[in-house]
Every structure is written in C-alpha cells, then in structure tokens.
Amino acid sequence: MDRTTQLLILDSLPQLGVYRLEQKLRGCSPFDLFTLSKAELAKLGFNNKQIDHLTKPPLNKLSAVYQWLAQDNLNKIISYYDDDYPVLLKEIGSPPLLLFCRGDCRLLSDKQISIVGSRAATISGRESAKRFAYELVGAGFTVTSGLAAGIDSYAHQGALAANGKTIAVLGSGLNNIYPKTNQGLAKQIEQQGLLVSEFWPDVPPLAPQFPRRNRIVSGLSLGVVVVEAANRSGSLITARLAVEQNREVFAVPGSINNPKVSGCHKLINQGAKLIATTADILDELPVNSLSQVAQQHKNVDRLASQAQFPFDIVLDNIGFEVTSVDQIVLRTEITIDKVLERLLHLELSGFITSVSGGYIRIKGDT
Numbered sequence: 008m009d010r011t012t013q014l015l016i017l018d019s020l021p022q023l024g025v026y027r028l029e030q031k032l033r034g035c036s037p038f039d040l041f042t043l044s045k046a047e048l049a050k051l052g053f054n055n056k057q058i059d060h061l062t063k064p065p066l067n068k069l070s071a072v073y074q075w076l077a078q079d080n081l082n083k084i085i086s087y088y089d090d091d092y093p094v095l096l097k098e099i100g101s102p103p104l105l106l107f108c109r110g111d112c113r114l115l116s117d118k119q120i121s122i123v124g125s126r127a128a129t130i131s132g133r134e135s136a137k138r139f140a141y142e143l144v145g146a147g148f149t150v151t152s153g154l155a156a157g158i159d160s161y162a163h164q165g166a167l168a169a170n171g172k173t174i175a176v177l178g179s180g181l182n183n184i185y186p187k188t189n190q191g192l193a194k195q196i197e198q199q200g201l202l203v204s205e206f207w208p209d210v211p212p213l214a215p216q217f218p219r220r221n222r223i224v225s226g227l228s229l230g231v232v233v234v235e236a237a238n239r240s241g242s243l244i245t246a247r248l249a250v251e252q253n254r255e256v257f258a259v260p261g262s263i264n265n266p267k268v269s270g271c272h273k274l275i276n277q278g279a280k281l282i283a284t285t286a287d288i289l290d291e292l293p294v295n296s297l298s299q300v301a302q303q304h305k306n307v308d309r310l311a312s313q314a315q316f317p318f319d320i321v322l323d324n325i326g327f328e329v330t331s332v333d334q335i336v337l338r339t340e341i342t343i344d345k346v347l348e349r350l351l352h353l354e355l356s357g358f359i360t361s362v363s364g365g366y367i368r369i370k371g372d373t
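Per this note's numbering, the sequence shown starts with residue 8, numbered consecutively.
Here you go:
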C-alpha cells in the first residue's frame with residue numbers, strides 16, 4: 008500500500024481529526040498503524056469502526072482521487088506530515104490532514120494576507136478589495152481568499168491584475184468550483200496562483216463546509232482584512248477564527264447608514280485595526296524589523312508610480328469635481344467591471360483619488 012493510499016485512508020477515518028489522531032499515535036508514525044493488528048489498534052484507543060476502516064479500507068472509494076491526480080501535474084496532495092505543509096496552518100486548533108492543491112503549491116509557504124467580505128458587495132467594497140489586493144502584491148504578499156462571489160472575487164482579481172499571486176481556498180472539492188460563475192476566475196488562479204481544498208475532488212459545495220473553509224483562509228495568513236460585512240456575515244466567522252489563531256484582524260470602515268459594513272464597525276469596536284490604506288496593514292504586521300516595513304512601503308509606492316494605464320476614455324470622463332462610478336459607466340458605455348479595473352490603475356498611477364461619492368481628478372488636463 009503506497010503512502011498516498013495510506014493518507015487517504017487516514018483522512019477518511021470516521022470521527023477522527025489530526026489532533027485526536029496524534030493523541031492516539033503516542034509519538035508513533037501514522038503509517039505504522041497499517042502494520043498493527045486489531046488488538047494493537049484497540050490498545051491505542053481506536054474504536055471498532057475505525058479499526059475496520061484501517062484493516063479493511065474501502066479502496067474502491069479512492070479511484071476518483073487517483074484519476075484526479077493523474078489528470079495533469081498541477082494536481083497534488085500535501086499532508087500534515089509533509090515538509091511543505093504550511094507552518095502557520097499547523098498552528099491552528101484543527102488543521103486539515105490533507106490539502107488538495109491545483110497550481111503552484113510553493114505559494115502555501117509565502118507571506119499571505121487574506122481579504123474577505125460580503126458576497127453582495129457594493130461598488131465601493133469591490134474597488135477597495137481590488138485595490139488592497141493590488142497593493143499587497145506590490146508589498147510582497149500573496150493574497151488569499153475564498154473564491155466566493157463579491158469581495159473574495161475582487162480580491163483575487165486585484166492580485167491577478169498586479170501580476171501577483173493569489174490562493175483560493177474552496178469549500179468544495181476542486182472538481183466542483185463554486186460558485187459556477189467563478190469557473191473562469193478559478194482557471195486564471197490555477198495558472199497564476201493556487202486552488203486549495205481540504206475536501207476530496209468530487210465533494211459538492213454544502214453549507215456546513217464553508218465555515219470549515221474559513222479556518223484555512225485565516226490559518227494560512229498573517230492577517231485578515233474584512234472589507235465589507237453585515238452583522239451576520241460569514242466573514243465575521245473568519246475574523247473570529249483569526250483572533251483564535253492569534254492573527255491580525257483589519258476592518259475597512261464605511262457609512263454608519265450602510266448595513267453592509269455594520270459587521271466591520273462591530274469588529275473595530277472589538278479591537279480590529281481600522282484601516283484606510285495598505286500602509287495601515289503593513290504597520291501592524293509581525294515582521295522581523297522596521298527596515299522590512301520600510302522596504303514594503305517603498306514597494307507599494309514604486310508599484311503605484313510604475314503602473315501603466317493604456318486607456319484614456321475613463322480619465323477623460325473624470326473632472327476635478329466628484330464623479331460617481333455610475334456616471335462614468337453611463338458616459339463611457341463600458342461595463343462596470345472594466346471601469347473599476349481602469350479606476351484602480353488610474354488611482355495607483357496618481358491621476359485620480361477616491362472620495363465620498365466617487366472620484367476626482369488630481370492631475371492631468373480636463
């Protein structure tokens with residue numbers, strides 16, 4: 008029996024996570040379990056169902072995983088016992104035994120910041136998620152999120168727009184991208200980043216799996232940025248998990264009349280760091296020295312100064328008075344996604360700045 012088969016059998020052991028498994032092993036290798044008799048397994052504290060699973064494993068159920076692994080070399084399984092398992096994730100209370108990965112697995116060991124928020128994001132929220140992701144990439148971070156609609160999607164897009172790296176943690180198997188509308192985005196991420204799930208490839212998206220997904224999003228990261236969240240948002244679960252995991256929590260404030268940011272205000276009241284810029288994030292992170300922070304700030308400034316913007320039509324429709332995104336869309340007849348992407352580049356290039364109600368031009372002829 009090969010190591011991958013043994014890992015899959017261990018991962019599917021009923022009622023047993025990594026820590027309970029470690030307690031039963033008492034310092035032994037998990038792979039030694041497959042050499043033990045039923046009596047010896049019982050002495051270690053395994054129940055009858057678990058013993059049957061170890062001694063007579065359902066090998067027929069593993070074929071789909073092997074088919075997935077054989078599809079191409081982008082697909083890989085990383086286990087808790089492998090050297091390339093992410094160190095930060097090992098620290099959390101319930102680390103997954105297996106990570107099913109598609110893309111560049113080396114990113115798991117990169118410095119990561121996660122960005123999460125509302126699925127029904129506002130225009131302002133989408134823009135903020137994209138901008139923070141873009142600038143965090145410039146500061147040397149990999150951006151991690153959950154591939155959900157709304158803020159998650161725009162965070163991934165911001166990282167990709169900066170030619171940076173992004174990790175998407177799924178609440179389903181990697182053969183079942185959810186939501187389906189993000190299949191194209193997932194394809195981009197697997198080529199320029201990494202898709203990750205603790206669920207076997209064919210597992211469908213089920214509601215109880217998404218809170219489990221959230222602990223991995225926060226567990227991989229040095230800090231969690233909550234861009235928009237209502238009082239009952241799943242993003243607050245991620246923030247709570249981040250606190251439990253001793254991670255930094257950042258929240259973007261908004262209008263007191265906007266229910267979609269009430270959760271962010273709640274987090275700030277509970278001690279989350281209020282942020283308005285990427286520099287606010289960098290100032291709070293546990294880096295090795297002040298010189299590292301200074302260099303990261305320089306990288307953000309350099310990225311902004313070097314950002315190239317090949318289109319003039321959006322800038323031509325922004326004056327020195329406040330211009331809303333809706334007005335820009337009407338004037339240019341460009342889709343809102345394209346407008347937001349162009350606004351991001353213009354702001355990073357120093358031509359415009361965001362203000363309450365929209366944007367104003369800060370340099371260039373009208």
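No residue lacks a Cβ here, since even glycine has one placed at the ideal position from N, Cα and C.
| query | result |
| --- | --- |
| Under 8 angstroms between C-beta atoms of residue 197 and residue 81 | yes |
| Local Cβ density within 10 Å of residue 185, reported as buried at 16 or more and exposed below that | buried |
| Helix, strand or coil at residue 205 [DSSP, three-state] | coil |
| Close beta carbons around residue 88, own chain, < 7 angstroms, minus the five adjacent residues each side | 37 |
| Contact the segment 150-166 vs the segment 125-133: 3+ CB pairs below 8 angstroms | yes |
| Bridge-paired residues (DSSP) for residue 366 | 330, 361 |
| Beta-carbon separation (whole angstroms), residue 104 vs residue 209, contact threshold 8 angstroms | Actually they do not touch by this definition, with Cβ atoms about 18 angstroms apart. |
| Residue nearest to residue 263 in terms of C-alpha spacing, selected from 74, 275, 358 | 275 |
| Nearest-angstrom Cα separation, counted from residue 24 out to residue 375 | Summary: the structure shown does not reach residue 375, with the chain confined to residues 8 through 373, and so no result is reported for it. |
| Under the three-state DSSP convention, the category residue 31 falls into | helix |
| Contact check, residue 179 vs residue 216, beta carbons under 8 angstroms | yes |
| Residue of 85, 129, 61, 122 minimising C-alpha distance to residue 344 | 129 |
| Cβ-heavy atom distance, residue 254 to the ligand SAM, below 7 angstroms | In the structure shown, the ligand SAM is absent, as is every other ligand, since no ligand is present at all. |
| Beta-carbon proximity of residue 53 to residue 204, cut-off 8 angstroms | no |
| Spatial neighbours of residue 280 in its chain, beta-carbon cut-off 6 angstroms, leaving aside the 5 residues before and after | 257, 291 |
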